[in-house]
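Chemist: Just so you know, the numbering used here puts the end of the sequence shown at 697, numbered straight through with nothing missing.
All C-beta atoms, glycine included, are put in the ideal place defined by N, C-alpha and C.
As the structure is a computational prediction, the values presented were derived from the model and not from experiment.
Below you will find the structure I want to go over with you.
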Amino acid sequence: MPDKNITELTIRRPDDWHLHLRDRAMLRAVLPETARHFGRAIIMPNLVPPVVTSAQAEAYRGRIMDALPAGSDFTPLMTLYLTEATDPEDVRAAHAAGIATAVKLYPAGATTNSASGVHDFEKVRPVLEVMAEIGMPLCVHGEVTDSEIDIFDREATFIDRVLKPLRKKVPDLKIVMEHVTTQDAVDYVRDSSKNLAATITTHHLIINRNHILAGGIKPHYYCLPVAKREAHRVALVQAAVSGDKRFFLGTDSAPHTDPAKLQPCGCAGIFTAPNTMSCLAEVFDAAGRLRKLEAFASLNGPAFYGLPANADTITLVKGDPVTYPAHIATDDGPVTVFDPGFDLHWRVT
Ligand code: DOR
Ligand code: ZN
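What follows is the structure, encoded as structure tokens:
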């Protein structure tokens with residue numbers, strides 16, 4: 349039941365705990381869309397070549413700062429892309445110097461630009477042990493890559509085959525299961541007592557696999573992990589609106605140009621940066637839980653990362669349907685903005 353009497357909501361400025369900004373022309377085009385509403389974002393390192401070292405993260409942060417609109421006080425929180433050759437002492441130094449906030453684990457081959465990721469998890473154990481020691485979180489793309497595992501089962505299988513053994517070996521490591529898509533992941537996070545949290549994307553709160561596949565294939569709804577059946581989407585909404593501190597927003601806004609998405613083998617990624625706050629307010633309103641939006645978007649993430657919440661606020665107002673451009677223009681080509689498939693009544697003032 350929507351909260352009928354709430355038509356205005358002021359919350360601490362939100363953060364995005366999982367964001368793809370890319371580089372060069374794409375960076376310049378998409379960064380203002382996030383900087384408009386968000387205070388900080390965890391920046392994904394899957395560039396080509398990936399952002400592996402502390403020096404590369406520092407240089408990438410510089411390019412992001414250069415691309416920020418004048419007057420913006422958005423802060424990018426950088427991540428290092430974990431490879432089997434990552435030097436634990438470089439990670440320690442990057443954290444101590446405030447250059448990197450987290451490390452990102454991509455199983456090799458799991459998703460866009462993940463070829464340099466990890467095949468053998470034992471090889472990265474020394475890095476993980478240093479991270480546990482210094483309290484640096486590991487952001488995990490939680491999908492197995494074995495071709496014989498059905499794509500809809502890859503997240504649940506990852507929990508059993510990789511995450512459970514890893515958390516036994518390095519119990520003090522803080523882990524964020526990124527962009528969870530299943531009831532299995534929600535239950536696993538809820539059942540764990542410490543050092544584990546999960547981000548949930550905007551689009552996984554809204555679409556299920558029918559949106560991608562029923563009545564014609566919709567490349568703009570294709571992302572990884574792929575959206576699952578409706579019962580899983582409902583579990584994600586329940587986790588997000590619950591206020592449980594272990595669940596927070598990571599949009600995984602992942603821009604690709606239309607030509608890169610609309611082809612026989614199209615890229616995975618959904619671009620939600622422009623309308624995420626409107627979409628989230630609609631989802632929380634429909635669940636009768638608008639008062640929990642602040643916990644999900646603005647409070648739980650910083651608490652897990654050991655950072656203060658943003659000091660300033662944003663205000664959302666409910667009214668006539670608000671529209672967003674269907675695409676944003678970039679020098680690389682148009683990027684389609686996520687279409688939630690329903691009217692959005694909430695806008696950020
Ligand atoms: O859909 C996705 N797109 N999932 C990912 O894990 C990567 C991302 C991208 O970089 O495009
Ligand atoms: Zn991502």
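#1: List in chain order: all unbroken alpha helix (DSSP H) runs of 4+ residues lying wholly within the region 359-418.
#2: My understanding is that Ala629 touches Leu641, with C-beta atoms under 8 angstroms, so please give their C-beta distance in whole angstroms.
#3: Is it true that the CB of His552 sits closer than 8 angstroms to the CB of Asn575?
#4: Can you list, in chain order, every residue whose CB sits closer than 6 angstroms to a heavy atom of the ligand ZN?
#5: What is the rounded straight-line gap between the Cα of Val518 and the Cα of Ile676?
#6: By the three-class DSSP mapping on this structure, what secondary structure does Met426 have?
#7: Over the uninterrupted alpha helix (DSSP H) stretch that includes Met295, give me the two end residues.
#8: Spatial neighbours of Cys627 within its chain, please: CB distance less than 6 angstroms, with the 5 preceding and 5 following residues excluded, ordered by chain position.
#9: Just to confirm, is the Cβ distance from Gly681 to Asp606 under 8 angstroms?
#10: Applying the 10 Å Cβ sphere with the 16-neighbour rule, what's the burial state of Val700?
#11: Leaving out the 5 sequence neighbours to the left and right, which residues in its chain are closer than 7 angstroms to Ala616 when beta-carbon positions are compared?
#12: On the three-state DSSP scale, how would you describe Pro455?
#13: From this set, Ile354, Arg361, Ile390 and Glu381, which residue's C-alpha is nearest Phe619's C-alpha?
#14: Would the beta-carbon of Leu544 fall within 8 angstroms of that of Val534?
#15: Given 7 angstroms as the limit, tell me if Asn658 has its C-beta closer than that to any heavy atom belonging to the ligand DOR.
#16: Should Arg376 and Thr661 be called a contact, given that it needs their Cβ atoms to be closer than 8 angstroms?
#17: Please classify Asp464: does DSSP put it in a helix, a strand, or coil?
#18: Along the chain, where does the beta strand (DSSP E) containing Leu486 start, and where does it finish?
#19: Tell me whether Thr459 counts as near the ligand DOR, meaning its Cβ is closer than 7 angstroms to at least one heavy atom of that ligand.
#20: For Met525, which residues does DSSP report across the bridge?
#21: Report the rounded CA-to-CA distance for Val665 versus Ile565, giving the unit in angstroms.
#22: Quick one: does the C-beta of Asn394 sit closer than 7 angstroms to a heavy atom of the ligand DOR?
#23: Could you tell me the distance, in whole angstroms, from the CA atom of Asp508 to the CA atom of Arg515?
#24: Given the structure, does Cys615 come close to the ligand GDP, in the sense that its CB is under 7 angstroms from one of the ligand's heavy atoms?
#25: DSSP three-state label for Leu597, please.
#26: According to the Cβ coordinates, are Thr547 and His527 closer than 8 angstroms?
#27: Over the uninterrupted alpha helix (DSSP H) stretch that includes Thr505, give me the two end residues.
#28: When you measure from the CB of Leu572 to every non-hydrogen atom of the ligand DOR, does any distance come out below 7 angstroms?
#29: Would you mind working out which of Ser402, Ala407 and Arg388 sits nearest Asp371, comparing C-alpha positions?
#30: The alpha helix (DSSP H) with Val439 in it runs from where to where?
#31: Check Glu356 in the structure and name its three-state DSSP category.
#32: On the premise that Leu521 lies in contact with Leu486, defined as a C-beta separation below 8 angstroms, what is that separation, rounded to the nearest angstrom?
#33: CA-CA distance, Ala588 and Thr358?
#34: In this structure, how does DSSP classify His675 when only helix, strand and coil are distinguished?
#35: Note the first and the last residue of the continuous beta strand (DSSP E) segment covering Val518.
Modeler: So, from the listed chains and residues:
#1: With a minimum length of 4 residues, the continuous alpha helix (DSSP H) runs that stay inside the region 359-418 are 372-383 and 402-415.
#2: With 8 angstroms as the limit, Ala629 and Leu641 qualify as a contact, their Cβ atoms being about 6 angstroms apart.
#3: Per the sequence presented here, residue 575 reads as Ala, with Asn not at that position. It is a contact, given that the beta carbons lie within the stated cut-off.
#4: Checking every Cβ against the heavy atoms of the ligand ZN under 6 angstroms gives His366, His368, Met392, Asp600 and Ala602.
#5: A straight-line Cα-Cα distance of about 43 angstroms links Val518 and Ile676.
#6: Of the three classes helix, strand and coil, the one that applies to Met426 here is strand, per DSSP.
#7: In this structure the chain extends from 349 to 697, so residue 295 is not present and cannot be described.
#8: Cβ within range, chain order: Thr550 and Pro688.
#9: The beta carbons of Gly681 and Asp606 sit closer together than 8 angstroms.
#10: The displayed coordinates of the chain run from 349 to 697. Any statement about residue 700 would go beyond what the structure contains.
#11: Result list for Ala616: Thr459, Thr460, Tyr570, Cys571 and Leu572, in chain order.
#12: Note: Pro455 maps to strand in three-state DSSP.
#13: Taking only the C-alpha atoms, the option nearest Phe619 is Glu381.
#14: Between Leu544 and Val534, the gap from beta carbon to beta carbon reaches 8 angstroms or more.
#15: No, the Cβ of Asn658 stays beyond 7 angstroms of every heavy atom of the ligand DOR.
#16: No; because the gap between Cβ atoms is not below 8 angstroms, this pair is not in contact.
#17: The residue asked about is misnamed: residue 464 is Ser in this sequence, not Asp. Three-state DSSP puts Ser464 in coil, outside helix and strand.
#18: Boundaries of the beta strand (DSSP E) harbouring Leu486: Leu486 to Val488, taken from the DSSP string.
#19: Between the ligand DOR and Thr459, a heavy atom-to-CB distance of less than 7 angstroms is present.
#20: Val488 and Ala546.
#21: When the Cα atoms are used, Val665 and Ile565 turn out to be separated by approximately 34 angstroms.
#22: Yes, the ligand DOR has a heavy atom inside 7 angstroms of this Cβ.
#23: Their Cα atoms are separated by approximately 11 angstroms.
#24: Questions concerning the ligand GDP fall outside what the structure shown contains, since the ligands it does hold are the ligand DOR and the ligand ZN.
#25: The answer is strand: DSSP assigns Leu597 an E or B state.
#26: Yes; because the gap between Cβ atoms is below 8 angstroms, this pair is in contact.
#27: Thr505 -> alpha helix (DSSP H) spans Arg502 to Phe506.
#28: If you check the C-beta of Leu572 against the ligand DOR, you find a heavy atom less than 7 angstroms away.
#29: Per the Cα distances, Ala407.
#30: For Val439, the uninterrupted alpha helix (DSSP H) segment begins and ends at Pro436 to Ala444.
#31: In the structure shown, Glu356 sits in a strand (DSSP, three-state: E or B).
#32: Contact flag correct, Cβ pair sits at about 6 angstroms.
#33: Approximately 18 angstroms between the Cα atoms of the pair.
#34: Of the three classes helix, strand and coil, the one that applies to His675 here is strand, per DSSP.
#35: Neither: Val518 is in no beta strand (DSSP E) and is coded neither H nor E.
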